[in-house]
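Asker:
Numbering (the working numbering), first residue to last: 2 to 237.
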């Protein structure tokens, strides 16, 4: 990674908290929150908003800092002042996105566990709600969501973003607590089930990206939930 100082940012601290973004408010998407702050004159929000589109379309290596700066209406030195480098810009986009993801999943799981469902019909209904909430989260910015998870979870050997993987795991950890409480499996088994759950629904999102005519409807979500639950039948 570049040795350029990351001016004005802590390397592992998101520049915008979920509270500032207001993402716990129903209907407020990640992009909407950045647009709202940008409209209020928050330059970092505007730069992240522009960067979101560029990284989603071109991947990390394909993005030119000059293009992001020009579209945001600032100079390259101004972007460097706020984020230090292209790596710093991408890192902050990851950090803010992961903080939002963690807050959304915490809110989702909390609602599903009040009370904890009991019995197969109630558990399946709860699992459907969990799946819908997770899919809605991914669909807010599907191209970037897929890219960011791949870039962090499967980094190149010389990647400077390996240290972000624990943040992905932390963001998803409430899913493991839900599985542990609802299905009564060990925390280690719950962690493995989180990987299976996210892989199944991540694949559905990617299918939609590859085939624009693909429709991710209730039937598809129900099929995916039942596929996941089959692996948990011994504890149901």
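C-beta atoms are modelled at their ideal positions from N, C-alpha and C, and glycine is treated no differently.
Nothing here was measured: the structure is a model prediction, and the numbers come from that model.
#1: Whose C-beta lies closer than 7 Å to the C-beta of residue 117 among residues of the same chain, with five residues either side of it excluded?
#2: Between residue 3 and residue 21, what straight-line distance do the alpha-carbon atoms span, to the nearest angstrom?
#3: In whole angstroms, what is the alpha-carbon distance linking residue 12 and residue 49?
#4: Leaving aside the five residues before and after residue 199 along the sequence, list all residues of the same chain whose C-beta is less than 7 Å from its C-beta, in chain order.
#5: Just the Cα atoms here: how many angstroms apart are residue 212 and residue 69?
#6: Among the residues of its own chain, which have a CB less than 6 Å from the CB of residue 217, if the five just before and after it don't count?
#7: Which term fits residue 242, buried or exposed, when burial requires 16 or more other beta carbons within 10 angstroms of its beta carbon?
#8: Is it true that the CB of residue 24 sits closer than 8 Å to the CB of residue 105?
#9: Are the beta-carbon atoms of residue 47 and residue 73 separated by less than 8 Å?
#10: In the structure shown, what three-state DSSP assignment does residue 10 receive?
#11: Taking the beta carbon of residue 234 as the centre, do at least 16 other beta carbons fall within 10 Å, making it buried, or is it exposed?
#12: May I have the straight-line CA-CA distance separating residue 44 from residue 171, to the nearest angstrom?
#13: Alpha carbon to alpha carbon, how far is residue 185 from residue 80?
#14: Please classify residue 64 as buried or exposed, where buried requires at least 16 other C-beta atoms within 10 Å of its C-beta.
#15: With a CB to CB cut of under 7 Å and the five nearest residues on each side skipped, what residues in its chain are close to residue 113?
#16: Evaluate residue 89 with the Cβ neighbour count: other Cβ atoms within 10 Å of its Cβ, from every protein chain shown; 16 or more gives buried, anything less gives exposed.
#17: Helix, strand or coil, according to DSSP, for residue 2 in the structure here?
Answerer: Checking against the coordinates, here is how it stands:
#1: Your numbering for residue 117 matches position 116 in the chain shown. Here the set comprises 182, 183.
#2: Residue 3 sits at position 2 when you count from the first residue of the chain shown. Residue 21 sits at position 20 when you count from the first residue of the chain shown. Because residue 3 sits at a pLDDT of 34, beneath the cut-off of 50, its placement in the model cannot be relied upon, and the following sentence gives the value as read from the coordinates. Residue 3 and residue 21 have their C-alpha atoms roughly 29 Å apart.
#3: Within the chain shown, the letter at position 11 stands for residue 12. Within the chain shown, the letter at position 48 stands for residue 49. Rounded to the nearest angstrom, the two C-alpha atoms are 15 Å apart.
#4: Within the chain shown, residue 199 is the residue found at index 198, counting from 1. The answer, listed in chain order, is 173.
#5: Along the chain shown, one-based indexing puts residue 212 at 211. Along the chain shown, one-based indexing puts residue 69 at 68. Near 28 Å, if we compare the C-alpha coordinates of residue 69 and residue 212.
#6: Working through the chain shown from its first residue, we reach residue 217 at position 216. So the qualifying residues of the chain are 205, 209.
#7: Any answer about residue 242 is impossible in this case: the structure gives the chain only from 2 up to 237.
#8: To locate residue 105, count along the chain shown from 1; it is residue 104. To locate residue 24, count along the chain shown from 1; it is residue 23. For residue 105 and residue 24, yes; Cβs fall inside 8 Å.
#9: The residue given as residue 47 occupies position 46 in the chain shown. The residue given as residue 73 occupies position 72 in the chain shown. Yes.
#10: Position 9 of the chain shown, counted from the start, is the residue given in the question as residue 10. Note that residue 10 scores a pLDDT of 49, beneath 50, so its modelled location is shaky; the value from the coordinates is reported in the next line. In this structure, residue 10 counts as coil in the three-state DSSP scheme.
#11: Sequence index remark: in the chain shown, residue 234 carries index 233 (1-based). Exposed is the label assigned to residue 234, since fewer than 16 other Cβ atoms lie within 10 Å of its Cβ.
#12: Walking along the chain shown from the start, residue 44 turns up at place 43. Walking along the chain shown from the start, residue 171 turns up at place 170. Straight-line Cα distance between these residues: approximately 28 Å.
#13: For the purposes of this step, residue 185 is identified with residue 184 of the chain shown, where counting begins at 1. For the purposes of this step, residue 80 is identified with residue 79 of the chain shown, where counting begins at 1. Their Cα atoms are separated by approximately 49 Å.
#14: Walking along the chain shown from the start, residue 64 turns up at place 63. Buried: at least 16 other Cβ atoms inside 10 Å.
#15: Mapped onto the chain shown, residue 113 falls at position 112. Counting only Cβ-Cβ distances below 7 Å, and skipping sequence neighbours, we find 127, 130, 131, 179.
#16: As a position in the chain shown, residue 89 is number 88, starting the count at 1. With at least 16 other beta carbons inside 10 angstroms of its own, residue 89 counts as buried.
#17: Along the chain shown, one-based indexing puts residue 2 at 1. Only weak support is given to the placement of residue 2: the predicted model assigns it a pLDDT of 34, under 50, and the value that follows is read from those uncertain coordinates. DSSP, read as helix, strand or coil, puts residue 2 in coil.
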